[in-house]
Amino acid sequence: MITACGLAVSGVADERDLLGGPLGITREDPSASGPGLRHKDRASRMALRAVRRALDAAAIDAPAATAVVVSSNFGNLDTVCDFTDTIAAETVTGLSPLRVPHMSSHVTAAWVAIEHGLRGPNLTLCSGTPGGLDAVFWAAALLAAGRAEVAVVVGVEPDTAPVARLHRERGGTAWLDGAVCLVVENAAHAASRGARVRAAVSGYGKATDRAEAVRQALKAYDRPIGLRVAAGRDRPGPGARAGVGPSPQDGPVLDLTGRLGRCSGALGVLQCAAALAWFDRPAWEVERSRGPVADSVLAIAGAGRDVSAEAGPGSGVRPGTGSGTRAGGAAGADGEGDPSGVSALLLTRPAPDGSGRVPS
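Letter by letter, the sequence shown follows residues 4 to 363 in my numbering.
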């Protein structure tokens with residue numbers, strides 16, 4: 004069960020901004036979050052701010068066994084580049100031993116755990132644009148296996164000089180600067196503390212083929228999809244429903260790469276945050292939709308077969324901008340030309356009793 008969300012994204016106030024409307028132009032300043040952050044890399048500072056906001060929103064004193072799962076592909080690249088520049092200019096004698104731990108690609112997850120005293124499993128995923136959805140799945144798997152009762156899932160990508168250079172070299176014109184955090188709990192723990200459950204993780208698929216990933220995620224679900232959050236727009240067609248493609252009865256498509264630019268490893272976690280905002284829409288807006296169509300969100304991230312078509316009937320969410328070159332730059336279903344596989348995650352609105360059942 005996802006019980007809370009926190010964002011530290013430049014230009015975005017909260018998850019509702021992901022659904023539509025103009026984005027702000029302010030640049031998030033994580034160094035203002037508190038003492039001890041000034042010497043950390045930008046990704047870690049962003050992540051720490053997002054985690055603090057998510058835990059505050061969840062009103063939870065996270066137990067020591069809380070797991071941390073971070074998805075980031077660029078992470079502390081600025082620190083790594085700074086180290087190599089120092090070595091080139093001064094040899095290794097120019098390095099301070101106190102800064103060596105900052106070189107680890109796992110440093111963001113480590114800082115989150117240290118800052119909040121979280122001693123559960125601690126993972127970092129660097130698996131391309133599907134990494135954010137993979138991180139939510141790994142968190143759910145850790146909870147199902149009894150390794151933890153709570154997990155914080157973080158997707159983070161910083162806008163630093165080395166990251167900007169890589170994006171520009173590959174045709175990018177806009178990319179994310181920020182972090183998003185989800186608080187994920189098993190159902191019993193959420194119920195024991197009377198938590199408000201905002202979404203249930205109800206299906207997951209991973210494949211080299213987009214249609215197969217979707218089929219796996221939807222294999223136990225046979226109702227229309229309220230919202231698809233994906234790069235590119237799916238085309239309804241013959242045989243739609245069994246993972247081959249969307250049904251004509253499905254709702255609209257939201258493309259976050261069209262709004263935020265390349266999101267890389269943070270994309271999937273941002274997609275889940277957008278799903279929470281979708282479920283939280285005002286009652287009058289939900290009533291305008293077609294009954295159960297509002298009770299599920301399918302998130303898809305990663306390359307694969309890029310399809311383009313008209314979005315489904317609208318409900319206030321602007322459709323995606325189509326396949327090909329977008330604000331993210333290079334063509335591809337993920338907006339980055341990422342050669343990794345495809346991940347799909349199904350989120351459903353929990354029943355009033357807090358279970359993962361979709362209300363009838």
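Glycine included, C-beta positions come from ideal geometry on N, C-alpha and C.
Residue i (DSSP reduced to helix, strand or coil)
i, result
"E152", "coil"
"C84", "helix"
"S267", "helix"
"I303", "strand"
"R196", "coil"
"T111", "helix"
"I63", "coil"
"E339", "coil"
"I5", "strand"
"L221", "coil"
"R213", "helix"
"A202", "strand"
"P165", "helix"
"D283", "coil"
Buried or exposed (CB count within 10 angstroms, at least 16 for buried), residue i
i, result
"L348", "buried"
"E152", "buried"
"A65", "buried"
"K209", "buried"
"P133", "buried"
"A191", "exposed"
"S346", "buried"
"R231", "buried"
"E339", "buried"
"R262", "buried"
"K43", "buried"
"G294", "Confidence at G294 is low in this model, with a pLDDT of 49, below 50, so its placement is unreliable and no value can be given for it."
"G2", "Lying outside 4 to 363, the shown extent of the chain, residue 2 is not represented and no answer is given."
"G149", "exposed"
"R56", "buried"
"A91", "exposed"
"E215", "buried"
"E160", "buried"
Beta-carbon proximity of residue i to residue j, cut-off 8 angstroms
i, j, result
"I63", "V204", "no"
"V72", "V156", "yes"
"A53", "C184", "yes"
"A278", "A182", "no"
"G264", "L179", "yes"
"G158", "S74", "yes"
"H109", "T87", "no"
"L21", "L259", "yes"
"A60", "G123", "no"
"V256", "W281", "no"
"G229", "G197", "no"
"D341", "A302", "no"
Straight-line Cα distance separating residue j from residue i
i, j, result
"E18", "V187", "16 angstroms"
"A220", "Y207", "4 angstroms"
"L136", "L58", "20 angstroms"
"R48", "S99", "21 angstroms"
"P165", "G271", "23 angstroms"
"T351", "F77", "30 angstroms"
"T89", "D212", "43 angstroms"
"A116", "T82", "20 angstroms"
"T96", "L80", "21 angstroms"
"T111", "R45", "10 angstroms"
"R284", "R201", "12 angstroms"
"G174", "A304", "20 angstroms"
"N189", "A143", "8 angstroms"
"D162", "A234", "21 angstroms"
"A16", "D85", "31 angstroms"
"A35", "W114", "With a pLDDT of only 47 at A35, under the threshold of 50, the placement of this residue in the model should not be trusted, and no figure is reported."
"K222", "G9", "30 angstroms"
"S343", "C129", "11 angstroms"
"W287", "H105", "Any reading at W287 is ruled out, since the residue's pLDDT is 49, under 50, leaving its predicted position unreliable."
"W141", "G131", "15 angstroms"
"A7", "D298", "18 angstroms"
Which residues DSSP lists as bridging residue i, in chain order
i, result
"Y207", "L348"
"L126", "V72"
"V12", "V15, G181"
"G158", "S74, V183"
"V232", "L257, A302"
"E188", "V153"
Check: residue i C-beta below 7 angstroms from any heavy atom of the ligand MG
i, result
"S74", "Inclusion of the ligand MG in the displayed structure is not the case, the ligand content being empty and no account of it being possible."
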